[in-house]
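Chemist: Read in the numbering used here, the sequence shown has 26 at position 26, and its numbers run on one by one without any break.
All residues carry an ideal CB built from backbone N, CA and C; glycine is no exception.
Since the model is a prediction, treat every value here as computed from it, not as a measurement.
Got a structure for you, written out below as structure tokens; questions coming shortly.
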Amino acid sequence: MNSTAPRSRRHSRTKGRDHERSDRRAGLDILLARLDRGTLSRTEAALLREYVNEEQRTADESRKANAGSTRALARNRAAAEAAIVEAEQRARQAEGERDELHAALGLAPGQLHSAAVSAIHGRGANIRELATRVEQAEEIARAAHQCSNEAERHRAAAERTLDRVRDLAHRMRAGSPMGAAAIYAERIEQALDDDADALNAGQIAMHAAFAEAAESTEVRLAEQQRDHDIALATAEQRIRRLEKDARDNGADARAEHKRAKAAEQRLDAVRAALPDEPRPRLGLPTDLAYANGRHDLAERVRYVIDQATT
């Protein structure tokens with residue numbers, strides 16, 4: 001037992017047996033002395049016999065315990081000797097294998113350890129390099145994912161704005177089917193549908209500039225992707241998987257960027273299709289649709305676009 005309480009109880013039991021044995025032997029000495037004087041009664045004789053029997057029993061138990069301890073010590077000694085012999089055999093075998101390895105590699109005694117240490121250091125440097133590349137790949141993947149999310153948010157906002165502008169165009173057409181508002185509603189719908197006839201020369205140039213910017217961005221992203229592929233060519237399977245994810249996220253980001261640019265171009269076309277001349281004063285020979293439809297709805301469209309893009 002390892003706890004303090006069981007040890008205390010065991011010591012208490014041992015101490016109690018020692019006291020009993022001491023008392024019994026003291027009583028036995030007294031009874032033997034009375035026996036020598038020939039004054040021992042029957043009761044004292046029975047007690048003497050009981051003391052003698054107890055001493056015999058205790059002696060037998062001690063002999064049995066000592067015999068068991070002797071056998072256990074013998075077994076432990078034999079096991080220890082066998083373990084020592086086995087350890088010596090293994091040591092001799094290891095020394096023989098070491099000598100054979102030195103001879104096969106053509107190394108002097110002691111050189112194998114230094115060579116193994118150098119190889120371990122080299123392997124550790126390779127592992128650290130791979131870990132650094134893994135961190136770089138994860139950073140690129142996170143940046144690409146963030147760009148993709150940002151582009152998705154811009155695209156969704158632009159799509160919502162386009163839907164509101166298209167709804168206003170339908171309302172303009174419904175409010176004045178035969179007036180100027182219907183004409184401008186048609187031009188707005190043509191601009192939203194990417195109709196080339198609804199764009200003037202300035203808008204076409206702006207569209208070309210946007211297309212050129214998109215192409216240059218795509219080329220730059222492609223070059224960055226190639227550099228990334230070359231840098232991670234020697235990485236493990238995990239690096240290749242992260243590299244593939246980064247390419248997919250980059251492609252999604254470019255697609256979202258193109259869609260956002262296209263939505264911005266359509267909004268610019270809508271702005272250009274709206275009238276910018278002052279509203280005519282009341283009393284001029286203009287019809288009610290022109291006075292209350294064309295300019296009022298144009299101002300409403302501009303307000304919606306400005307609110308959606310700010």
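#1: In this structure, how does DSSP classify D287 when only helix, strand and coil are distinguished?
#2: Is E260 near R166, with beta carbons less than 8 Å apart?
#3: Between the alpha carbons of E50 and Q89, how many angstroms are there, rounded?
#4: Taking A144 and A253 to be in contact with their CB atoms under 8 Å, please state how far apart those CB atoms are, rounded to whole angstroms.
#5: State the Cα-Cα distance for the pair E129 and E139, rounded to the nearest angstrom.
#6: What is the C-beta distance between H257 and A151, in whole angstroms, given that I count them as a contact (C-beta under 8 Å)?
#7: In this structure, how does DSSP classify T161 when only helix, strand and coil are distinguished?
#8: With the cut-off set at 8 Å, would you say L31 and E44 are in Cβ contact?
#9: Alpha carbon to alpha carbon, how far is A46 from L28?
#10: Rounded to whole angstroms, how far is the Cβ of A80 from the Cβ of L242, which I believe are closer than 8 Å?
#11: Would the beta-carbon of R24 fall within 8 Å of that of E61?
#12: Would you tell me roughly how many angstroms separate the C-alpha atoms of R160 and K244, rounded to the nearest one?
#13: Please state whether DSSP places S41 in a helix, a strand or coil.
#14: So, with DSSP's three-state summary, where would you put H207?
#15: Please name the residue in D99, A255, R77, R75 whose C-alpha comes closest to that of N149.
#16: Could you tell me whether the Cβ atoms of L162 and R247 are closer together than 8 Å?
#17: So, with DSSP's three-state summary, where would you put D18?
#18: Rounding to the nearest angstrom, what Cα-Cα distance links H19 and A82 in this structure?
#19: Can you list, in chain order, the residues of its chain whose CB lies under 7 Å from that of C147, leaving out five sequence neighbours each side?
#20: Do you know how far the Cα of A262 is from the Cα of A211?
Modeler: According to the structure shown:
#1: At D287 the pLDDT is 48, less than 50, meaning the model places this residue with poor confidence; the figure from the coordinates comes in the next sentence. DSSP places D287 in coil when its eight states are reduced to three.
#2: A quick correction: the sequence has Ala, not Glu, at residue 260. For A260 and R166, no; Cβs fall outside 8 Å.
#3: 58 Å
#4: 6 Å
#5: 15 Å
#6: 5 Å
#7: helix
#8: yes
#9: 11 Å
#10: With a Cβ gap of about 56 Å, A80 and L242 do not count as contacting.
#11: no
#12: 32 Å
#13: coil
#14: With a pLDDT of 43 at H207, under the threshold of 50, the modelled position of this residue cannot be trusted; read the value that follows with caution. Residue state, collapsed to three classes: helix.
#15: A255
#16: no
#17: helix
#18: 43 Å
#19: A253
#20: Unreliable positioning characterises A211 in this predicted model, as indicated by a pLDDT of 43, which lies under 50. The coordinate reading is nonetheless provided below. The alpha-carbon atoms of A211 and A262 are separated by roughly 9 Å.
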